[in-house]
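Student: Protein chains in written order, with our numbering: chain A, 30 to 444; chain B, 6 to 304.
Quick reminder that beta carbons are idealized off the backbone N, C-alpha and C, glycines included.
Because the structure is a prediction, the values reported are computed rather than measured.
Structure below; questions to follow.
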C-alpha cells in the first residue's frame, strides 16, 4: 500500500478547507452522516452551498471563527493510494504549524486566490516548502469561477509565481500549476469543461501519478538505535538486537558497519522484521538488527556503513524555525533532540533572521520571536552524528526543547 | 530472502512509536478495551519487541456494561500471550461516590470511565498510556498529537499542543503529568480492518454477523440488554447484525450485516457510506461532544 502525505497551506479565504472538502466529496470519501452534518450546519448558517470546510475545522473555536488554528489531519483514499493531508493555516502567526505540517509531507499544495494573485503569504508558503525540501509542490490557482475561467488571469499569476522560483534554494523541487474551482469542482478530481485552454492534469490525477520512488528524498543509510532488545529467554539467551528505523537508504545482511560514537566496527548478522529474517532493511522500515560481534551499543547510538560516515561534531550552523512565545536569546540553553538522540545545546550566535515579508535579512538581532526563521550557530555538550539537511532530510534536522517547560520550542535544519 | 519494502508504512510508524514509548518512559501501560483497535495495538507491540515480551502491562477500564464476548476474548488473549492485565472498574468509582450513574433514555457509563482511568493512572503512577484512537474517527481527534501531554488532572489543552516534526517525539514531562500515546493515529478504519485481515488477527465474535435481540431508536440499532435503558413501546426484534465499533453496550449501535468473515467485513467497510462513529451514540450528543470529553481527560 502506498501512503502519500500532503501539506496544504493557504490564507483565510483562499478556500483551502473547501478544496479538501471537495477532494473528499468527489472521491466519495465523505460518509453520509458526515455529509448530513455538513448540510445541516450549512443550512443553519444560511449558506446556499455546502460548506465543506466544516468537514475539517475540528475545534469549537475554529468553527466559531471560521478559521483553522491547528494542524488537522484528513484521510482519504483511492484504489491506488492512501492520502494523508496535513492542513495548516497560512497566517504569519502560524508559520510554526506550516513548518510542522511540511516536515512530515512529501508533497504540498499552495493555494492562490485567482482574484488576488501572488501575495505575501504565497511567498511564505513557497519559502517554507522549499526550506523543508518538499519534493513536489502543486500551485492550485483557485476561485477560477470568479474570474470567468480566464486564461490570461491564470497565466499572469503563473508568471508572478515563476518569478519567486528564481530565488529558491532547493532547485530540485517539481512545481505544477493547476487552475481550479474548489467550490464548483473544476479540475480538482474531475476535468473541467470551463478551462479548455488548460491541457494538464487535474489535482487528483497529478497526485495519483506521483511515484513513491521519486517522491522521497534519499540519502545515505542511517540507523539510529532506538531500543536494545534482550529477551533473556532460554530460546534467545544471547540475543542482543538493536531496534530502530532505517533512514536514507537500505541496509543489508553482511554490510560492514560502524557504531557511533564508539567507532567500533562489525558486520550485520541478521535483520529481523518481527519473527521473520530479511536480507534487506529498506528505507523507513522498523527492524531489529543483530551484529556479528558483541559490541557496546545503546539507545542514541547510530549504525552506519563503513564508507558512509556522517559528520561527527559538537558545533554547527542551522536554519531554525522558532515556535515558542518565549523568545530565543543568544546564549540560551536548550535540549536538542536529533532524531532520538538528546544533547544539551547552547545558542552560540544568531547570524540573521529572515524578514517576515521575505524581502531580505536582518543581521542586527540577538533574540528571536515566535514564527521567526533565522540562521543560528550551536555548541553542544556532546558530539552528534549528522548530515546536512540538503543531503539527508531526517539526519539533518532536529528539535529544540525548553529545559523548564519541556515544550518543543523550535525546529532546525543543519547547513 | 526478502526485503522489508513490502511492509505497510503505517505499520513501520506504529512500531517506531511503540519503541519510543518503551525507551522514553519509565512506567507505560497499554489501554485495552477489547475492541479491534486495541487488539491491533497488541499485535504491533508484539512486533516491536520480538523476540522479547511486550515490556508493559495492559489495562482495561471496565464499565461493567461490556459485551460478554469482549471480556471472554480479553482474558484468552492475555493468557495466550502471557501478558499482565490490570482491570479497574467503573462500578467501584460509582460505589465510592466519585461519579454518579446517568439515568434515563440515553444513560451510559461511557463518560464515567474518565474518573476511573485518571484514578488508575495515579494509583500505578503511569507516565504513558498507549491508546488506539485514530485521527480519522472524529474531528477533534484529527488535531490530536501522537504524544499528547496531559496535566495533573488528565486534561487536554488543545490550543497548546507540542508541535511534532519529522519522526521526532518529545516525551519529556514533569512529575504528575502523563502522555497519551496514539501509535495508530494515521490509520483509517479500513487500514485497521485490512491489517487484521492480512495478519489474521483474531477478534471478538460480535464483529461478525450474528443473531441478536435488538430494538430501534433514532434510526440506530440498539442491543436489548439489562444494561441498556429501553422504553415499553420500543419493541424487541431479532435481527442478523454485527458491530463496527465496540464500546459499552449502552453506547454502541449495531449494523445490519451478513458479513460472517473478515474478508466480507473488509468488503463491507470499503463500500460503506456511513462513518464508524456514526454508530457511536456518545458522539451524537453534540457537535463538540468529543472535544469536551477529551478536555476532561477522556481518550
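When you compare only the Cα positions, how much space is there between residue 25/B and residue 255/B?
Tutor: About 36 Å.
Student: Distance, Cα to Cα, residue 103/B vs residue 124/B?
Tutor: In a straight line, the C-alpha of residue 103/B is about 10 Å away from that of residue 124/B.
Student: Under the rule that 16 or more other beta-carbon atoms within 10 Å means buried, what is residue 149/B, buried or exposed?
Tutor: Counting Cβ neighbours within 10 Å, residue 149/B comes out buried, since at least 16 surround it.
Student: Among residues of its own chain, excluding the 5 on either side of residue 319/A, which ones have a beta-carbon nearer than 6 Å to its beta-carbon?
Tutor: Counting only Cβ-Cβ distances below 6 Å, and skipping sequence neighbours, we find 270, 298, 299.
Student: With a threshold of 7 Å between beta carbons, is residue 258/A in contact with chain B?
Tutor: Yes, residue 258/A lies at the interface with chain B (some Cβ there is under 7 Å from its Cβ).
Student: Sorted by chain position, which residues of the same chain lie with C-beta nearer than 6 Å to residue 122/B's C-beta, five sequence neighbours on each side aside?
Tutor: For residue 122/B, where only same-chain residues beyond five positions count, the Cβ hits under 6 Å are 66.
Student: From the DSSP output, in three-state form, read off residue 441/A for me.
Tutor: Strand at residue 441/A.
Student: Decide yes or no for the touch test of the stretch 118 to 134 of chain A against the stretch 65 to 83 of chain A: beta carbon pairs closer than 8 Å, at least 3 of them.
Tutor: No contact exists between the stretch 118 to 134 of chain A and the stretch 65 to 83 of chain A.
Student: Please list the partners that residue 8/B has in chain A, where partner means a Cβ-to-Cβ separation under 8 Å.
Tutor: In chain order: 279, 307, 308, 309, 310, 311.
Student: Could you pull out every residue in the same chain whose Cβ sits closer than 7 Å to the Cβ of residue 202/B, ignoring the five residues on either side in sequence?
Tutor: Taken in chain order, the residues that qualify are 267, 268, 271.
Student: Helix, strand or coil for residue 100/B per DSSP?
Tutor: Residue state, collapsed to three classes: helix.
Student: Go through its chain and collect everything with a Cβ distance to residue 256/A's Cβ below 7 Å, but skip five positions before and after it.
Tutor: Once the five neighbours on either side are set aside, the close Cβ partners of residue 256/A are 272, 328.
Student: With a CB to CB cut of under 6 Å and the five nearest residues on each side skipped, what residues in its chain are close to residue 106/B?
Tutor: Closer than 6 Å at the Cβ level, and outside the excluded window around residue 106/B, lie 99.
Student: Compute the beta-carbon to beta-carbon distance between residue 193/B and residue 104/A, rounded to the nearest angstrom, for a pair I have assumed lies under 8 Å.
Tutor: Contact holds; Cβ gap of about 5 Å.
Student: I want to verify the contact list: residues of chain A whose CB lies under 8 Å from the CB of residue 263/B, in sequence order.
Tutor: What residue 263/B touches in chain A: nothing, since even the nearest Cβ is about 20 Å away.
Student: Give the secondary structure of residue 1/B by DSSP, where H, G and I count as helix, E and B as strand, and everything else as coil.
Tutor: The structure shown does not extend to residue 1/B, since chain B is modelled only from 6 to 304, so the question has no answer here.
Student: For residue 302/A versus residue 9/B, is the C-beta distance shorter than 7 Å?
Tutor: In contact: residue 302/A and residue 9/B (Cβ atoms closer than 7 Å).
Student: Consider the Cβ of residue 120/A: report whether some Cβ of chain B lies at a distance smaller than 7 Å.
Tutor: Chain B, which has no Cβ nearer than 7 Å to the Cβ of residue 120/A, makes this no.
Student: For residue 237/A, which of helix, strand or coil comes out of DSSP?
Tutor: If DSSP states are grouped into helix, strand and coil, residue 237/A belongs with the helices.
Student: What residue ranges within the stretch 175 to 241 of chain B form continuous beta strand (DSSP E) runs of no fewer than 3 residues, ordered along the chain?
Tutor: Complete beta strand (DSSP E) runs here, min 3: 183 to 186, 215 to 222, 225 to 228.
Student: Got a sec: is the Cβ-Cβ distance from residue 193/B to anything in chain A below 7 Å?
Tutor: True, the Cβ-Cβ gap to chain A drops below 7 Å.
Student: In three-state DSSP terms, what is residue 138/A?
Tutor: Residue 138/A: strand per DSSP, three-state reduction.
Student: Could you name each continuous beta strand (DSSP E) segment of 3 residues or more that falls completely within the stretch 296 to 348 of chain A, going from the start of the chain to the end?
Tutor: 305 to 307, 315 to 320, 331 to 334, all fully within the stretch 296 to 348 of chain A.
Student: Identify the residues that DSSP records as bridge partners of residue 351/A: which are they?
Tutor: Paired residues: 439/A.
Student: Can you list, in chain order, the residues of its chain whose CB lies under 6 Å from that of residue 226/A, leaving out five sequence neighbours each side?
Tutor: If we look at residue 226/A and ignore the five residues flanking it on each side, its Cβ neighbours are 180.
Student: Please say whether residue 116/A and residue 47/A have beta carbons closer to each other than 7 Å?
Tutor: No; because the gap between Cβ atoms is not below 7 Å, this pair is not in contact.
Student: For residue 42/B, which residues of its own chain have a beta-carbon under 8 Å away from its beta-carbon, when the five flanking residues on both sides are left out?
Tutor: Only 137, 138, 139, 189, 197 meet the Cβ criterion.
Student: Using 7 Å as the threshold, is the C-beta distance between residue 418/A and residue 443/A below it?
Tutor: Contact flag set, yes.
Student: Specify whether the stretch 426 to 441 of chain A and the stretch 19 to 36 of chain B touch according to this definition: at least 3 beta carbon pairs, one from each stretch, less than 8 Å apart.
Tutor: No contact exists between the stretch 426 to 441 of chain A and the stretch 19 to 36 of chain B.
Student: Residues of chain A with CB under 8 Å from residue 28/B, in chain order?
Tutor: Near residue 28/B (Cβ distances below 8 Å), the residues of chain A are 255, 256, 328, 369.
Student: For residue 158/B, is the classification buried or exposed, using 16 other Cβ atoms within 10 angstroms of its Cβ as the cut-off for buried?
Tutor: So residue 158/B counts as exposed.
Student: At what residues does the alpha helix (DSSP H) containing residue 127/B begin and finish?
Tutor: Per DSSP, residue 127/B belongs to the alpha helix (DSSP H) from 118 to 129.
Student: Where DSSP assigns a beta bridge to residue 280/A, which residues make up the other side?
Tutor: Residue 280/A is bridged to 310/A.
Student: Since residue 217/A and residue 232/A should fall inside the 8 Å C-beta cutoff, what is the C-beta to C-beta distance between them, to a whole number of angstroms?
Tutor: Correct: roughly 5 Å between the Cβ atoms.
Student: Would a check of beta-carbon distances place residue 168/A closer than 7 Å to chain B?
Tutor: No, residue 168/A does not count as interfacial toward chain B.
Student: If contact means a Cβ-Cβ distance below 9 Å, which residues of the stretch 144 to 170 of chain A contact chain B?
Tutor: Hits within the stretch: zero.
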